[in-house]
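Note sheet for the following structure.
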Amino acid sequence: MCQFTNDQREAASTPEQTAEVIRAKYVPDTKLCQTAFTYAAQHLGPSILNHSIRVYLYTQALTPKLEKPSSTNLNTMLFIAAMFHDIGTHDAFNGPGRFEVCGADAAVAFLRANAHDHDLTEGELQDIWVGIACHTSPEIAERISAFSNLIRLAVLTDFNRPGLRREFQVEALTAEIETSLPRLEIEKLLGDAVVRQIMGKKEGADRLRKAPNNSWPGSLLKGELEKEPGYAGVNKYF
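Numbering (the working numbering), first residue to last: 136 to 373.
Below, the structure written as C-alpha cells:
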C-alpha cells in the first residue's frame, strides 16, 4: 500500500480533492462502491470519512485472521458497511432511533435504490444492516454473525481497544494508513456528533429512544451531562 506523494498532498487542499485522492487509492473499482463512496463523502466530514475508510482497510487485514463470512460479495459488503456505519450521525439520517440503526437503514435504502448495480441477496442486505446496527454493542456484535464480528472488530481496531492492533499484528498498517488518512480528532468529533443528535431530541421518551440506557449513545449522553463546565475534550465514555 503506497503513501501519498508530495504532489498528491499539495493537490488535496479541499475536502472534495482529498476525497478524490482517497477514491483513487482505496475505493474498490466497482460502480456500486464508487457510488457509495461518493454518497458517503457528500454526507461525512473528513474525520468520519477517514475513519470509515480505515475501518474498511482493517476489515481487509482482519479477514484472514477471523472466521470468514461466506459470501462471494464479501468485499462489497464490507465496504458498504464501513462507509455507512457512522452515516447515521449526519442530519440527513437523524431519525428517532439510535444513530447506528439510522445508519443501517440508510445503507439498505441506498442499496435498494442502486439495486441495478449489484447482485446482493436479501440475506446479504440483512447482514449489512445487522453489522452496522450492532457495531457498538459488545458481545452481541461479536456473536450474532461472522460479518458483524468483522465490522465490530475493525471499528475497535481503529480505536485500538483493547490493544487489538498488537493482537492482530496490524501496527505497521496503522502507521501507514494514519499517514494517508489522519485521525483528525475522530474520538471527539464522532462523540460530539452523537451527543448533538441526542440533545436535539425532546427530553423524555424521545431522547431515551435516541440514547437508550446502557447503550453506547446512552453512555455518551451520560458523559455529556457529567462533564465539568468548560470541558472541551473527548467524552469520557467514548
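Where a beta carbon is used, it is the ideal one built from N, C-alpha and C, also for glycine.
Checklist entry - So which of Thr153, Tyr191, Asp254 and Thr271 has the shortest CA-CA distance to Gly223? => result Closest by alpha carbon: Thr271.
Item to check | Of the residues Pro364, Phe245, Asn370 and Arg300, the one placed nearest Ala196, counting alpha carbons only | outcome: Arg300
Item to check | Alpha-carbon spacing of Lys371 relative to Asn208, whole angstroms | outcome: 38 Å
Checklist entry - Could you check where the alpha helix (DSSP H) with Ala250 kicks off and where it finishes? => result Looking at the DSSP string, Ala250 is not in any alpha helix (DSSP H), and its letter there is neither H nor E.
Item to check | With 16 other Cβ atoms within 10 Å as the buried cut-off, status of Ala328 | outcome: buried
Checklist entry - Grouping DSSP H, G and I as helix and E and B as strand, with all else coil, what is Arg189? => result In the structure shown, Arg189 sits in a helix (DSSP, three-state: H, G or I).
Item to check | Cβ neighbours of Lys345 in the same chain (closer than 6 Å, five flanking residues each side left out) | outcome: Within the same chain, Ile333 and Lys336 come within 6 Å of Lys345 by CB-CB distance, once the 5 residues on both sides are set aside.
Item to check | Host alpha helix (DSSP H) of Phe282 (start-end) | outcome: Ala281 to Asp293
Next on the checklist: With a threshold of 8 Å, are at least 3 pairs of Cβ atoms found where one atom belongs to the stretch 164–172 and the other to the stretch 202–216?
Outcome noted: Look at the beta carbons and you see the stretch 164–172 touching the stretch 202–216: at least three pairs across the two are nearer than 8 Å.
Next on the checklist: When you compare the CB positions of Asp240 and Ser187, do they come within less than 9 Å of one another, or not?
Outcome noted: no
Checklist entry - Is Ala276 near Tyr193, with beta carbons less than 9 Å apart? => result no
Item to check | Three or more C-beta pairs below 8 Å linking the stretch 279–293 and the stretch 171–180 | outcome: no
Next on the checklist: Once the 5 residues before and after Asp254 are set aside, which same chain residues still bring their CB inside 8 Å of it?
Outcome noted: Asn208
Checklist entry - Of all the options Glu363, Pro364, Gly365 and Val369, which has the alpha carbon lying nearest to the alpha carbon of Leu355? => result Comparing Cα positions, the closest option is Val369.
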